[in-house]
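Residue numbers for the sequence shown follow UniProt numbering, so the first one is 1 and each next one is one higher.
Cβ atoms here follow ideal geometry from the backbone N, Cα and C, with glycine treated the same way.
Structure record follows, encoded as structure tokens.
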Amino acid sequence: MEKGITVIVPMATKATQDYTTYPSATASHGSDSITKVQLPQVLNKFRKGEPCILGILQLTSAIVNILFGVIMAMYLDALTFTGIPFWTGILYIISGSLSIAADKKPKTSLMNAMLTMNIISSIAAGIGIIFYATNLSFRIYISYCFYHLESDYVSPSSCEILHEKHTILHNGTIGLMLVFTILEFFVTIITSSFGCKVICGQNLPVIIVQQTIHSNTDPAPNV
Numbered sequence: 001m002e003k004g005i006t007v008i009v010p011m012a013t014k015a016t017q018d019y020t021t022y023p024s025a026t027a028s029h030g031s032d033s034i035t036k037v038q039l040p041q042v043l044n045k046f047r048k049g050e051p052c053i054l055g056i057l058q059l060t061s062a063i064v065n066i067l068f069g070v071i072m073a074m075y076l077d078a079l080t081f082t083g084i085p086f087w088t089g090i091l092y093i094i095s096g097s098l099s100i101a102a103d104k105k106p107k108t109s110l111m112n113a114m115l116t117m118n119i120i121s122s123i124a125a126g127i128g129i130i131f132y133a134t135n136l137s138f139r140i141y142i143s144y145c146f147y148h149l150e151s152d153y154v155s156p157s158s159c160e161i162l163h164e165k166h167t168i169l170h171n172g173t174i175g176l177m178l179v180f181t182i183l184e185f186f187v188t189i190i191t192s193s194f195g196c197k198v199i200c201g202q203n204l205p206v207i208i209v210q211q212t213i214h215s216n217t218d219p220a221p222n223v
């Protein structure tokens with residue numbers, strides 16, 4: 001049996017001149033807006049996932065990645081040459097903005113765009129997790145003092161102290177970016193799952209069953 005959304009519409013038949021009216025139910029397939037028939041069953045499932053809050057989390061993750069990416073670029077870190085903090089941050093901003101917009105205006109076009117961008121952002125977050133974790137685990141530390149051993153202005157001991165502080169700052173920054181990227185990965189997965197329920201729900205056929213209600217206004221016979 002084909003699955004679908006069943007809507008029962010009561011219809012009254014006239015036995016006399018009196019009649020009863022019922023609110024009509026309309027359903028459309030493939031329209032640009034979520035139909036009123038599908039709204040209670042499908043859209044409420046999407047809003048249970050709090051897409052607005054998830055979108056704000058994505059924007060926060062994007063800002064953190066971009067800001068710390070700028071800091072890493074100032075130190076000419078090899079990670080910033082790939083541009084990962086920047087292009088992933090832009091993707092997070094787009095997907096987060098679409099999630100917020102889809103929560104406020106549930107249109108089919110917004111839902112499709114939100115679902116697509118969240119899937120792309122989840123892939124980008126997965127790539128970011130691999131790069132950040134690799135950078136923390138297999139980073140080759142080249143001492144700043146290696147280039148200034150013959151300098152009269154920097155002593156080897158003080159240079160090693162500066163290098164150690166730089167290493168701690170670097171690891172802390174990459175670690176924080178890794179945490180927010182992991183958060184972004186799970187947020188995009190959750191948002192995509194709830195968005196998919198809306199899109200899949202819209203593709204289900206809407207079955208309207210007209211239920212006839214006979215109204216008899218004839219007076220009861222005297223006993």
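Next on the checklist: With a threshold of 7 Å on Cβ separation, who are the neighbours of L115 within its own chain once the five nearest residues in sequence on each side are excluded?
Outcome noted: Within the sequence shown, residue 115 is the residue found at index 115, counting from 1. Same-chain partners within the cutoff: S192, G195, C196 and I199.
Next on the checklist: Quick check on this structure: which residue in M177, S97 and G69 has the alpha carbon closest to the alpha carbon of C52?
Outcome noted: Your numbering for residue 52 matches position 52 in the sequence shown. Per the Cα distances, S97.
Q.
Could you give the first and the last residue of the continuous alpha helix (DSSP H) run that contains T134?
A. Position 134 of the sequence shown, counted from the first residue, corresponds to residue 134. Run containing T134: T108 to S137, per the alpha helix (DSSP H) assignment.
- Query: According to the Cβ coordinates, are S121 and L91 closer than 7 Å?
  - Reply: Numbered from its first residue, the sequence shown carries residue 121 at position 121. Numbered from its first residue, the sequence shown carries residue 91 at position 91. In terms of Cβ geometry, S121 and L91 form a close pair [threshold 7 Å].
Given a threshold of 16 other Cβ atoms within 10 Å of its Cβ, counted over all protein chains shown, does Y75 qualify as buried or as exposed? Taking the first residue of the sequence shown as position 1, residue 75 is located at position 75. It is exposed - the Cβ of Y75 has fewer than 16 other Cβ atoms within 10 Å.
Taking only three categories from DSSP, how would you classify E50? For the purposes of this step, residue 50 is identified with residue 50 of the sequence shown, where counting begins at 1. Coil, per DSSP.
Ordered along the chain, which non-local residues of its own chain (more than five positions away) have a Cβ less than 8 Å from that of G172? Locating residue 172 in the sequence shown gives position 172, where the first residue counts as 1. Once the five neighbours on either side are set aside, G172 has no close Cβ partner at all.
Report the rounded CA-to-CA distance for L54 versus I189, giving the unit in angstroms.
-> The count along the sequence shown starts at 1 and reaches residue 54 at position 54. The count along the sequence shown starts at 1 and reaches residue 189 at position 189. Approximately 10 Å, taken between the alpha carbons.
Problem - CA nearest to the CA of F180, picked from I94, I129 and F86 - result: Along the sequence shown, read from residue 1 onward, the residue named residue 180 stands at position 180. Looking only at I94, I129 and F86, the smallest Cα-Cα distance to F180 is reached by I129.
- Message: Checking 7 Å against the spacing of the C-beta atoms, do A62 and G89 come in under that value?
- Response: Residue 62 sits at position 62 when you count from the first residue of the sequence shown. Residue 89 sits at position 89 when you count from the first residue of the sequence shown. Contact flag set, yes.
*Between which two residues does the alpha helix (DSSP H) harbouring G89 extend?*
As a working mapping, residue 89 is identified with position 89 in the sequence shown. That run of the alpha helix (DSSP H) goes I84 to K104.
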